Amino acid sequence: IQQSGNRMLGTINNIIDVSKLESGMEKIQFKEVNIKEIVNELFSFFSPEASTKGLELRLNENGSISSEKFYTDEYKLNSILTNLIKNALKFTPEGSIEIKYSISDKFAEFWVKDTGIGIAKHKQSSIFEQFVQADFSHSSGFEGSGLGLSISKGYIDLLNGEIQLESEEKKGSQFYVCIPNNLSSADSFPADGQIQESKQSIASKYNILIAEDDASSFSYLQYILKEVSKRIIHAKNGLEVIEMTKNNSDIDIILMDIKMPKLNGFEATKEIRKFNKNVFIIAQTAYAQESDKQKALESGCNAYISKPINKQKLIEIIYQSLN
């Protein structure tokens, strides 16, 4: 159930991303990023999957790494690299996958090379189109919607980058991506590294109020938050959230479900902000549209996370709350 749910959610999110790209609604959000950290985190994340498949996953720095600050859209860069690595894992039944990267003052370059099934010459020109995979047959055994490379190409174009493919059927493929350093954004965003500092300073635990009317969802959140919680309070509707926040001035964090009985999360947050400006409120919702995220932030929430909630992402948001 979990695997099928994640697969369906991934497909829906991909379709939304494609729709936003096609309609011109996808916006770029430049910030200072740590390329080395992004690549190393992806390597650590995919290493267990590679090991399970019996594949060797290697990570190499290609040449010198510039000390110049690098500015790009972190979400889009992460998505591009994630799609390339996932494809390499998917289409490589045996052998190895190599991730290389190089950072200069002006560009970040990435190579993802595999020893997989490869892509025939006559199919390479269409591989970046929507709903296209390297193997078109229904009996290929490779799951997926064929949207990953299309989204990656769209993001790369938005970032004024380029992507190239070298592949030989039954011998493997290599994708090359070059992303420019958008130094013009240097004055627009705060320096990176604050999240890492906050991770190191998370010595204490938190009093957390979980606003969730679904019992199983509450149990799940209670379980994944046990490492960072000192005390957990449960509110089952919007009115209870407001009352419990008033009666418990020591609450540090509220996980605010948007769809609740009696009063929804947007309205509950607005009421809480009338008497408490400091509590850190994280909106949690099944809605996946950017407009819903914006509505949550406008109502007074500090952060937003979509369901099904990923533990690692939630803990990362909580680390950020220290700032």
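Residue numbers (my numbering): 823 to 1145.
Beta carbons are placed, not taken as given, at the ideal position from N, Cα and C, and that holds for glycine.
Please read all numbers here as calculations on a predicted model, not as lab measurements.
Check	Outcome
Test item: CB-CB of residue 1077 and residue 1094 under 9 Å	no
Own chain partners of residue 917 with C-beta closer than 6 Å, once the 5 adjacent residues on each side are dropped	937
Under 9 Å between C-beta atoms of residue 995 and residue 930	no
Whole-angstrom distance between residue 970 and residue 939, CA atom to CA atom	17 Å
Cross-strand partners of residue 1079 (DSSP beta bridge)	1106
DSSP three-state assignment for residue 1128, whether helix, strand or coil	strand
Distance, residue 873 Cα to residue 839 Cα	30 Å
Run of the beta strand (DSSP E) containing residue 1093, from where it starts to where it stops	Taken as a continuous stretch (DSSP letters only), residue 1093 belongs to no beta strand (DSSP E), being part of the alpha helix (DSSP H) at 1087–1097.
For residue 842 and residue 1075, the rounded distance between their alpha carbons	32 Å
Distance cut-off 8 Å: residue 1091 Cβ against heavy atoms of the ligand PLP	No copy of the ligand PLP appears in this structure; indeed no ligand is present at all.
Beta-carbon spacing of residue 949, residue 981 below 9 Å	no
Cβ neighbour criterion (16 or more within 10 Å) applied to residue 1088	buried
Residues bridged to residue 882 [DSSP beta-bridge criterion]	922
Best match in 914, 826 and 1098 for proximity to residue 1068 [C-alpha to C-alpha]	1098
Counted within 10 angstroms of its Cβ, other Cβ atoms place residue 1122 as buried (16 or more) or exposed	buried
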